[in-house]
Structures are given as C-alpha cells and as structure tokens.
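**Student:**
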Ligand SMILES: C[S@@+](CC[C@H](N)C(=O)[O-])C[C@H]1O[C@@H](n2cnc3c(N)ncnc32)[C@H](O)[C@@H]1O
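Residue numbers (UniProt numbering): 1 to 445.
1) Heavy atom of ligand 2 less than 6 Å from the Cβ of residue 80, yes or no?
2) Curious, which full-length beta strand (DSSP E) runs of at least 3 residues does the region 310-360 contain?
3) Pick helix, strand or coil for residue 476, following the three-state DSSP scheme.
4) Flag this pair as yes or no: are the beta carbons of residue 142 and residue 172 separated by less than 7 Å?
5) Verify whether the separation of the beta carbon atoms of residue 238 and residue 421 is less than 7 Å.
6) For residue 378, does the three-state DSSP call read helix, strand or coil?
7) Tell me the start and end of each unbroken alpha helix (DSSP H) in the region 30-94 that is at least 4 residues and wholly inside, in chain order.
8) In whole angstroms, give me the CA-to-CA distance for residue 392 and residue 373.
9) Determine the DSSP secondary structure at residue 280, reduced to helix, strand or coil.
10) Listed by chain order, which residues have C-beta atoms less than 7 Å from any heavy atom of ligand 1?
11) I think residue 293 touches residue 267, with their Cβ atoms under 8 Å apart; what is that distance to the nearest whole Å?
12) For residue 220, name the three-state secondary structure that DSSP assigns.
13) From the DSSP output, in three-state form, read off residue 303 for me.
14) Does DSSP put residue 145 in a helix, a strand or coil?
15) Evaluate residue 345 with the Cβ neighbour count: other Cβ atoms within 10 Å of its Cβ, from every protein chain shown; 16 or more gives buried, anything less gives exposed.
16) Determine the closest residue to residue 184 out of 270, 75, 259, 395, with distance taken between C-alpha atoms.
17) May I have the straight-line CA-CA distance separating residue 3 from residue 205, to the nearest angstrom?
18) Going by C-alpha distance, which of 92, 79, 84, 123 is nearest residue 103?
19) Could you spell out where the alpha helix (DSSP H) holding residue 156 opens and where it closes?
20) Is residue 256 helix, strand or coil by DSSP?
21) Once you ignore the five residues that flank residue 73 on each side, which residues in its own chain have a CB closer than 8 Å to its CB?
22) Cutting at 6 Å between CB atoms, please list the residues of its own chain near residue 55, excluding the five before and the five after it.
23) Answer with buried or exposed for residue 284, where buried requires no fewer than 16 other C-beta atoms within 10 angstroms of its C-beta.
24) Check for me: the alpha helix (DSSP H) holding residue 268 runs from which residue to which?
25) Is the separation between the beta-carbon of residue 75 and that of residue 124 shorter than 7 Å?
26) Cβ of residue 366 within 7 Å of Cβ of residue 399?
27) Buried or exposed, going by whether 16 or more other CB atoms sit within 10 Å of the CB of residue 46?
28) Locate the alpha helix (DSSP H) running through residue 190, then write down its first and last residues.
29) Rounded to whole angstroms, what is the Cα-Cα separation between residue 115 and residue 98?
30) Is there contact here, the region 400-416 with the region 336-344, by at least three beta-carbon pairs under 8 Å?
31) Please report the residue range of the beta strand (DSSP E) in which residue 182 lies.
32) Name the one or two DSSP bridge partners that residue 215 has.
33) How close, in whole Å, do the beta carbons of residue 368 and residue 319 come, if the pair is a contact with beta carbons under 8 Å?
34) Buried or exposed: which applies to residue 194, given that a residue is buried once 16 or more other Cβ atoms fall within 10 Å of its Cβ?
35) In whole angstroms, what separates the C-alpha of residue 192 from that of residue 156?
36) Assuming residue 254 contacts residue 248 under a Cβ cut-off of 8 Å, what Cβ separation, rounded to an integer in Å, is found between them?
Shown next, in the form of structure tokens:
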C-alpha cells in the first residue's frame, strides 16, 4: 500500500476512534511496510493535514457545492490529502496530487464522487495564491490568524487577549513547524561528555541544552541504538524544569502524583541518584506499566508505582517533596500533538481547572510540613497556571511561593523567576522547548 492510502486510513482511524494519530500511523506503517520515501510522505501527510485542517477545509469549502462539514469523512479526508499536497508539497506535481486522489475516491466512494474530487482539486490547483490572501485580508485579525495558522478561533482569541499579537503569532507559527526531538542523557549510566563523544562518532547532528543534560536533534533514527541501551530517553527540556525546581536529594521521600508515562519520575530518580523512595501514582494500570518499563530501561530501582486516583491516595509516610504534573489542556504542546488543537475546548479547560484544584488541595494535605510542592502543566492558559496558584495560595495560607534552587540559574531558560520559583515558557520562545508552566511552593513548618 502506498503513502497516500496509508495516510488516508490513519486519518480515518484517528478521527473515528478518537485515538492518537501517531499510534494509528505506526500500526499501519508496520502492517504495510512501505519503502522509506512512502513512509516519510505518509507521515508528512498525516501530520500536515491534522495541523492545517482548518485552512484546508476553508480552501475546499469555497469550491465544494454542499456543506463540507457534512460530507462523508472519507471524502473530506481525500480532499484534504489533495489540497495539502497542492498547497504545501512543491515536489509533487499538481496533476499527480489530483490523479492519485481521484483514484482513492473511486476506490472508496465510486465514480460519481471521484468526479467531484477531480473538479474541486482542479479549481484549487488553478487558483492564484493572491485570491486566497485577499479573502483573508478582509477578515478581523482573530479570524484571519485562525484560518491562516489553522488553530481554533476560541484559542486564537484568548491568546491575543492574554499574550498580544506578536507572541500569539510566534506560538501559532511554532505549533505548525515540525518539532525537534529532545532526549535526556541518563546520568546513572553515562556522563554528558561520554555521550556527546558517542553521538559524534555515530555522526548524529545535535545541540545541547539544560545544563548539558539534554540534546536536541532531527536525527532521531540515529539515536535509537542509544535509547535501546538506556543511555538516552525521549523528554522535552521544558519537562525537566518542574523536576529541577523540585530538586530532590538522594534519600528523599518523593511522591509523583500524576506520573505516567514516567518522563519526570525517571528524571527525579536520576537526580536522587537512585537512592530514597519515589512513589509514582497514575489512575490507569496500563499507563503505570509504561513507567515500570521505562524505569527498567534506564536501570532505575527506586520507583514504586501505585494505580490510584491521586485525589484520594494516602501514602504511609508523608513525603517531603511532591510533584503534581497535572492533567491539562496541553496548549503548550500543540506542535507535537498534532490533533490536540481540535480536541481541546473551553469546556475541557473548565473541567480540568477544577480537577487540578482538587489534586492541589489533596497534595497540600499529604505533604510533610516544611516540604516542597511543585505544580506543573504543559498548558499556557493562565487559569491552569498562575491563576490556579493564586487561588491555591488563598485556600492554603500555610503555603508560600519558594525561590528556585540556585542550581537552576545554570539553565538556558530566562523565564525562570528565581525569586518566585515559577516558570512559564511559550512555544517558539526557545528552540526545541515546548510551552509549559511550573511553580515551586513550600509548606510552612
Ligand atoms: C500530564 S500527564 C503526566 C506526565 C508525566 N508526569 C510525565 O512527565 O511523563 C498527566 C497524567 O495524569 C494522569 N491522571 C489524570 N487524572 C488522574 C487522577 N485523578 N489521579 C491520578 N492520575 C491521574 C493521566 O493518566 C496522565 O498520565
């Protein structure tokens, strides 16, 4: 099976089952085993179409004679496949993009529909870019950016309100660029110097960040042997900030309340040099298995997983450090999770804000007096971040914002406010860094 058909099936499956596109695509690539070029074209098509869905639908809607939102999903996706190739893939000749989609339409929907696909795609192919741009220019800013950069309008509106036009544009553009892969060096098994030398020997192109504990690369395949050896593990440097803010020491008793798949838990264990107690809680048993698997790969011995609702857990011994990496809208990682922008919503934001405050309240009760609590999200919405903390501090006067540990000043992120122990990074601010928030708090003695 060729790239376009694999991409079509992956898009159909992702939409129908509300699953992650990455999983569907990998399953289909494994099943059909296409050559290298088809693999990379299928991946580009799936990611690109999911990112640019709104822009593509806007283009198609102008030539499709009925309501495009009500068209059969398979027809929608075939038209998106064709339009994406026409707009974004210079190397594919327009006629080839149209012909291949007409063939797919004939196979999946019959002759009549293939005629519609042919008609719509030919009109898009012959439209000068200036006509589209002129239409957009007449729109108000939030609507124009929403279509141009293919993000939901409610999100663009709120980012414009909160962050202004320049930062919003930078976030939108960054979310549509293909992200670098970030990997953490496992200092339990190797040192940064040894790792850098090994990567250079393997001709991997990379840069370093976060106290040289992380590498950024576009050469993921060349890093796989090091991942299999447990020397590297996939983690974005933004995800390291809450751990560096918590700063656990060997021998500490640490509770990680929302731990799966274990990116931060395993980093905490590394910081603790595999000494002490580290309880990792997650609500879902299959997700807890992933934490154990990851810990085994990295030679980590101190993690004990617990399947439970973190709003009700009662550890035997009060922890002296708690990490609450709360479930959130994920608006800081939309560039990496291509379909997420269409799945998150103002209603979800409200629901999650409530869940986060319940988790925070429970964390406050569990922590030993004098202990440290770090709250983190991969969101850039104030309600989930700074406002959440403000409300928490009002409910819990026995907590204060705690300055960041001195070691954190060595990182390359200027956004860490050392005196208030908080950090908000926005997508596009630092190359390779996701958006996210973290706050260090101390419980009074
Ligand atoms: C942001 S993710 C955590 C990512 C993780 N800390 C890491 O760095 O790999 C949030 C996690 O919270 C879990 N979760 C959601 N609600 C929960 C609850 N009430 N109790 C415990 N875990 C929960 C989800 O299953 C999800 O794995």
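All C-beta atoms in this analysis are idealised placements derived from N, C-alpha and C, irrespective of residue type, glycine included. Because the structure is a prediction, the values reported are computed rather than measured.
**Tutor:** Based on what the coordinates show:
1) Ligand 2 is not part of this structure, which contains only ligand 1.
2) 321-325
3) With the chain covering 1 to 445 only, the question about residue 476 has no answer from this structure.
4) no
5) no
6) coil
7) 36-51, 53-61, 73-88
8) 12 Å
9) strand
10) 239, 256, 257, 258, 259, 260, 261, 262, 263, 264, 265, 281, 282, 283, 284, 287, 308, 309, 310, 311, 325, 326, 327, 328, 355, 359, 378
11) Not really, about 16 Å apart at Cβ, beyond 8 Å.
12) helix
13) strand
14) helix
15) exposed
16) 270
17) 27 Å
18) 79
19) 153-176
20) strand
21) 12, 15, 16
22) 147, 150
23) exposed
24) 263-271
25) no
26) no
27) buried
28) Careful: residue 190 lies outside any alpha helix (DSSP H) and carries neither H nor E.
29) 11 Å
30) no
31) 181-185
32) 183, 208
33) 6 Å
34) exposed
35) 40 Å
36) 5 Å
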